[in-house]
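Heads up, the final residue of the sequence shown is numbered 112 in the working numbering, and it's a clean run with no missing numbers. Where a beta carbon is used, it is the ideal one built from N, C-alpha and C, also for glycine. Note that this is a predicted model, so its numbers are computed, not measured. Scroll down for the structure; my scribbles are underneath it.
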Amino acid sequence: MPKPLITLTDSWKALQAHYDEISTLHMRDLFGEDAGRAERFTLSQGQILLDYSKNRITRQTLELLIALAREAGLNQAIADMFSGEKINRTEKRAVLHTALRNTAKKPVMF
């Protein structure tokens, strides 16, 4: 059974309503209300730093985005990609993105 359009899901509708609520917030107010905002909305991996604190988001925004990812089946889509499932629906084949980034000495075979 095909999945519904993502824009018709309850998670999308909740995220849209949340956007309507926070769309007028100012960054200075978000930082002023949360002294730990920069640390809370920053990730680092090795020498890569992702600072998304300067976006109009809140903790609730992240919770709603995670709910949307769950409802969209993102975890299964990732698992399908790594297992070599034919997720490229246009060409009816595996995407092999993992093969492009393979640093192991063992080839990726499907």
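| query | result |
| --- | --- |
| How many Å lie between E93 and S85 at the Cα? | 17 Å |
| How do the region 9 to 22 and the region 61 to 75 stand: do at least 3 beta-carbon pairs fall below 8 Å, yes or no? | yes |
| By DSSP, does T105 sit in helix, in strand, or in coil? | coil |
| What number of angstroms, rounded off, separates the C-alpha of K107 from the C-alpha of A101? | 11 Å |
| Please state the DSSP three-state secondary structure of I50. | strand |
| Where D36 and Y21 are concerned, what is the direct C-alpha to C-alpha distance, given to the nearest angstrom? | 19 Å |
| Per DSSP, what kind of secondary structure is N77 in: helix, strand or coil? | helix |
| Give the range of the alpha helix (DSSP H) segment to which H20 is assigned. | D12 to I24 |
| Work out the CA separation of E65 and L52 for me, nearest whole Å. | 18 Å |
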